[in-house]
Amino acid sequence: MEQYAFASITELARSLAMNNVTAESLTNYFLNRIDRLNPVLHAFARVFPEQALAQARESDERRQQGRTLGMLDGIPLGIKDLCDIEGTITACGSRQWETRTSNQTADAVHRLRAHGAVIIGKTHTVEFAFGGWGTNALLGTPRNPWDRNLHRVPGGSSSGSGVAVAAGLVPGALGTDTGGSVRIPAALNGITGLKTTVGAINADGVYPLSRTLDSVGPMTRTADDAALLLQALTHAPGQTVQSMTYLAQDNADDLARVRVCVLPEDDYGVQVQRAVRLGSRDMVRMVEMAGATIVREAPPFSFEQAMSDCGKLIAAEGWRVHKDYIQDPSQHFGPFVRDRLMAGKSISDMQYQDLLGAHLKVQAVWTQWMADKDALLLPTTPFGPIPLAQVDESGTPLGYFTRFVNWVNGCALALPAGFDQTNLPVSVQLAGKAGDELMLLRIGSAIQCRTAWHSYTPTVG
27 MEQYAFASIT ELARSLAMNN VTAESLTNYF LNRIDRLNPV LHAFARVFPE
77 QALAQARESD ERRQQGRTLG MLDGIPLGIK DLCDIEGTIT ACGSRQWETR
127 TSNQTADAVH RLRAHGAVII GKTHTVEFAF GGWGTNALLG TPRNPWDRNL
177 HRVPGGSSSG SGVAVAAGLV PGALGTDTGG SVRIPAALNG ITGLKTTVGA
227 INADGVYPLS RTLDSVGPMT RTADDAALLL QALTHAPGQT VQSMTYLAQD
277 NADDLARVRV CVLPEDDYGV QVQRAVRLGS RDMVRMVEMA GATIVREAPP
327 FSFEQAMSDC GKLIAAEGWR VHKDYIQDPS QHFGPFVRDR LMAGKSISDM
377 QYQDLLGAHL KVQAVWTQWM ADKDALLLPT TPFGPIPLAQ VDESGTPLGY
427 FTRFVNWVNG CALALPAGFD QTNLPVSVQL AGKAGDELML LRIGSAIQCR
477 TAWHSYTPTV G
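In the numbering used here, the protein residues as written are 27 to 487.
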């Protein structure tokens with residue numbers, strides 16, 4: 027069974043279809059892996075073995091009867107602990123909420139179940155999804171699996187989902203992204219992460235941070251797997267979900283009509299680790315080899331300003347979500363997240379409306395600038411996973427290249443792009459116009475047809 031630990035969803039679906047493995051044995055295997063490795067990695071907040079095995083047995087029965095629900099039928103997945111599942115705890119990464127039982131199930135979970143996916147458990151998150159390092163002072167910080175000796179940051183806020191996929195605890199997981207919370211942990215854990223356009227995936231039943239900026243997205247090994255989950259999450263139950271590998275194969279040598287804009291290194295505006303720069307250059311070569319046209323240009327706004335404005339909007343809306351209890355000193359919230367939410371208190375209603383207006387204006391600027399471009403290629407993060415002991419919670423440097431995508435309401439795909447001199451992963455992202463997820467996945471698939479970075483795995487025991 028060890029061959030399944032780091033298999034892609036597409037590969038697992040093929041094995042299930044060929045009856046090489048059953049959904050029950052596959053689920054059992056991943057449950058045993060979680061039981062063995064999660065005490066160290068701390069990726070899962072809670073696991074549902076009985077429910078998962080019951081779902082897996084139902085999947086096997088459907089397959090025996092010729093009623094398979096699609097490629098996700100029988101595939102074990104993790105769900106970020108912001109997503110409600112009726113009758114289970116949704117703590118949102120908060121010790122204070124560890125007894126909060128959901129009375130509804132998130133639409134995204136309903137859709138995954140409708141396509142036969144096996145929900146194996148809920149993954150850890152930064153408290154209330156407000157933080158890019160992936161830290162959680164009260165419930166514990168998941169351990170980046172790429173360093174067995176030193177506790178390094180996993181990236182956040184979808185920290186547990188990133189670690190779970192990278193460490194082979196599940197082949198895919200759900201995350202959310204408000205300022206980079208899918209892409210940052212994808213980058214730091216060496217996996218693929220898709221930040222979707224706001225509203226592309228229904229967020230009903232997902233606890234909000236910023237209702238204007240929140241989006242749900244898949245975290246997987248490959249772009250093809252991300253496409254599979256995206257289809258399931260955006261297609262009505264009963265619609266066929268198939269692999270998009272065919273799309274990548276058909277177009278892997280024919281991106282001739284695709285225009286990819288590369289952010290010039292002189293326009294980074296921040297110090298970027300050498301390995302990240304080299305990884306970005308390598309990705310540009312791969313896109314060129316696939317036949318795409320390369321242009322080099324910086325977007326007509328400041329990354330620093332976009333990061334600041336996006337952060338203010340997150341704080342303003344986060345405060346409005348949590349204001350009824352976040353000020354109460356008797357409630358046990360983490361100090362750093364409490365401070366971030368409290369910062370929104372000082373943003374007046376007029377200032378909040380101004381931020382919303384600026385958000386709308388910059389969307390128009392982005393759409394116009396991207397009119398003759400299919401994607402912008404740039405680093406996902408300026409540097410890789412640092413030691414947990416070096417974290418400065420007063421800053422969010424990991425979000426420098428990610429927040430602007432949320433600010434302009436675009437979509438983005440984070441892709442593994444190599445390793446630094448200490449064998450820690452680096453990442454690039456493709457940013458696109460609102461609703462252009464499939465274009466980014468097409469380009470990402472073309473890149474992954476030419477590179478093997480997404481197939482590298484950490485040694486986790």
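From the three backbone atoms N, C-alpha and C, an ideal C-beta is built for every residue, glycine too.
Quick caveat, the model's predicted, so the values are computed rather than measured.
*Return the CA-CA distance between residue 443 and residue 479, expressed in angstroms with no decimal places.*
6 Å
_Endpoints, beta strand (DSSP E) assigned at residue 440_ = 437-445
_My output table needs one value for residue 427: the three-state DSSP class, helix, strand or coil._
coil
*What residue range is occupied by the uninterrupted alpha helix (DSSP H) comprising residue 20?*
Because the chain is modelled from 27 through 487, residue 20 falls outside the range shown and cannot be assessed.
*Look at the Cβ atom of residue 142, then the Cβ atom of residue 51, and state whether they are nearer than 7 Å.*
no
*Residues near residue 326 by beta carbon distance below 8 Å, same chain, minus five either side*: 391, 395
_Whole runs of the alpha helix (DSSP H) within the stretch 106-176, excluding any shorter than 4 residues_ = 133-140
*Decide if residue 375 is buried, meaning its Cβ has at least 16 other Cβ atoms within 10 Å, or exposed.*
exposed
*How many whole angstroms separate the CB atoms of residue 122 and residue 348, which I take to be in contact at a CB cut-off of 8 Å?*
The pair is not a contact, with the Cβ atoms about 11 Å apart (cut-off 8 Å).
_DSSP three-state assignment for residue 334, whether helix, strand or coil_ = helix
*Collapsed DSSP secondary structure at residue 244 in the structure displayed*: strand
*Reference residue 54; option with closest CA among 145, 222, 481*: 145
*Tell me, please, whether the stretch 354-370 touches the stretch 399-409 by the rule of three or more beta-carbon pairs shorter than 8 Å.*
no
*Report the three-state DSSP secondary structure of residue 329 (helix, strand or coil).*
helix
*CB-CB under 6 Å to residue 362, same chain, minus the five flanking residues each way: which ones, in chain order?*
419
_Candidates 149, 87, 198: closest to residue 185 by CA position_ = 149
*What is the rounded straight-line gap between the Cα of residue 109 and the Cα of residue 116?*
7 Å
*Does residue 341 get closer than 7 Å to chain D when you measure Cβ to Cβ?*
Absent here is chain D; the protein component of the structure consists of one chain.
*residue 319 lies in the beta strand (DSSP E); which residues open and close that run?*
319-322
*alpha helix (DSSP H) segments (min. 4 residues) lying fully within the stretch 194-221*: 209-215
*Per DSSP, what kind of secondary structure is residue 278 in: helix, strand or coil?*
Reliability fails at residue 278, whose pLDDT of 48 lies under 50, so the model's placement of it is uncertain and the value that follows must be treated cautiously. In this structure, residue 278 counts as coil in the three-state DSSP scheme.
*Should the stretch 459-479 be regarded as contacting the stretch 413-432, the criterion being three or more beta carbon pairs within less than 8 Å?*
no
*Segment contact flag, the stretch 131-142 with the stretch 179-193, C-beta cutoff 8 Å, min 3 pairs*: no
_Start and end residues, alpha helix (DSSP H) containing residue 377_ = 375-395
*asked:* Considering Cα atoms alone, identify which of 79, 421, 304 is closest to residue 446.
replied: 304
*Of all the options 197, 438, 333, 245, which has the alpha carbon lying nearest to the alpha carbon of residue 29?*
197
_Those residues which DSSP pairs with residue 403 across a bridge_ = 288, 456
*Range of the contiguous beta strand (DSSP E) that encloses residue 73*: 70-73
_Could you check whether residue 206 and residue 451 sit closer than 7 Å to each other, using their CB atoms as the reference points?_
no
*Would you say residue 284 and residue 318 are within 7 Å of each other, going by their C-beta atoms?*
yes
*asked:* For residue 76, count the other beta carbons within 10 Å of its own beta carbon; 16 or more makes it buried, fewer makes it exposed. Which is it?
replied: exposed
*asked:* The alpha helix (DSSP H) that contains residue 187, what's its start and end?
replied: 185-192
*asked:* Rounded to the nearest angstrom, what separates residue 152 and residue 236 at their Cα positions?
replied: 15 Å
*Validate contact between the stretch 159-171 and the stretch 63-70 using beta carbons, cut 8 Å, 3 pairs*: yes
*Could you check which residue in 287, 351, 321, 160 has the C-alpha nearest to that of residue 401?*
287
*Report yes if the CB atom of residue 410 is closer than 7 Å to the CB atom of residue 439, and no otherwise.*
no
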